[in-house]
Structure formats: C-alpha cells, structure tokens
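A.B. asks: Heads up: the sequence shown begins at 108 in the working numbering, then just goes up one per residue.
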Amino acid sequence: MCEYTEIENIILSNGKTIKQINEEVGKEVERIYLEGWAKGIAIPFRDSNGNICLANPDGSEDLVEFNRKERSYKVISRVAEQGQGRYAYLLAQ
Numbered sequence: 108m109c110e111y112t113e114i115e116n117i118i119l120s121n122g123k124t125i126k127q128i129n130e131e132v133g134k135e136v137e138r139i140y141l142e143g144w145a146k147g148i149a150i151p152f153r154d155s156n157g158n159i160c161l162a163n164p165d166g167s168e169d170l171v172e173f174n175r176k177e178r179s180y181k182v183i184s185r186v187a188e189q190g191q192g193r194y195a196y197l198l199a200q
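Set out below in structure tokens:
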C-alpha cells in the first residue's frame, strides 16, 4: 500500500490533484458543521474507534448510542467539554 504523500499530487480527470480535492472536501465539511451549529443542530460523526459522537454547537462532544428504530440518540457521556471538541476550532473563525 502506498503512502498519501506518494499519491497526493496525482492529477485526476477533473484537472485537480488528490490533495486539492481533499482540501475542498475539508472546507465543505467545515461549512456543514458551522451551518448546522448556527441552527442549533448537533452534528453526528464517528470517532477513530468507530463510536458515534455528537459535535455540539458549543464545541463540546457527547458519546451517544443511536436507536435506529426510533431514529434517536441517547447520550452516554460527555467526552469533550465546551470549546474542547474535535471541531471546536471552527468556533474561533
């Protein structure tokens, strides 16, 4: 398997490199988080262990359990306090 640095400059059929596409996707994800937070919506994501977490509008994070039948979340625990979550850096922009 190759390293990301070996493929990041490959030019795709749209004329952009893999690195450029990844940067654009990152900006779009940030926009989605900020837009959701502005509406008071906590945004779900999976952490590196595959757990479902909610990124809250105040920059905190909650570990949650998702009930598929009811389409609802149950908070298990707070994993990051206000302003300390993975995406909290967006609040400072």
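Glycine residues also receive a C-beta, built at the ideal position from the N, C-alpha and C atoms.
Only a predicted model underlies this, so the values are computations on that prediction, with no experimental measurement involved.
1) Enumerate in chain order the residues of its own chain whose CB-to-CB distance from Gly166 is below 6 Å, with the five nearest sequence positions on each side excluded.
2) Whose CA, out of Ile159, Leu119, Cys109, lies closest to the CA of Arg175?
3) Between Leu161 and Glu168, which are expected to be in contact by the criterion C-beta below 8 Å, what is the C-beta distance as a whole number of angstroms?
4) Which runs of the alpha helix (DSSP H) at least 4 residues long sit entirely within the region 148-181? Give them in chain order.
5) For Arg138, does the three-state DSSP call read helix, strand or coil?
6) Looking at Lys126 and Glu115, is the spacing between their C-beta atoms short of 7 Å?
7) Helix, strand or coil for Ile117? Go by DSSP, reduced to three states.
8) Could you name the residues of the same chain whose beta carbon sits closer than 6 Å to that of Tyr111, not counting the 5 residues immediately before and after it, in chain order?
C.D. replies: Let me spell this out:
1) As a position in the sequence shown, residue 166 is number 59, starting the count at 1. Here the set comprises Gln189, Gly190, Gly192, Ala195, Leu198.
2) On the sequence shown, position 68 is the one that residue 175 refers to. Nearest option by C-alpha distance: Ile159.
3) Your numbering for residue 161 matches position 54 in the sequence shown. Your numbering for residue 168 matches position 61 in the sequence shown. Sure, about 7 Å apart at Cβ, within 8 Å.
4) Within the region 148-181, not a single complete alpha helix (DSSP H) segment reaches 4 residues in length.
5) Position 31 of the sequence shown, counting from 1, holds the residue named residue 138. Looking at Arg138 - three-state DSSP - the assignment turns out to be helix.
6) The sequence position of residue 115 within the sequence shown is 8, counting from 1. The sequence position of residue 126 within the sequence shown is 19, counting from 1. Yes, Cβ-Cβ distance for Glu115 and Lys126 is below 7 Å.
7) If you number the sequence shown from 1, residue 117 lands on position 10. Three-state result, Ile117: coil.
8) Mapped onto the sequence shown, residue 111 falls at position 4. Within the same chain, no residue comes within 6 Å of Tyr111 by CB-CB distance, once the 5 residues on both sides are set aside.
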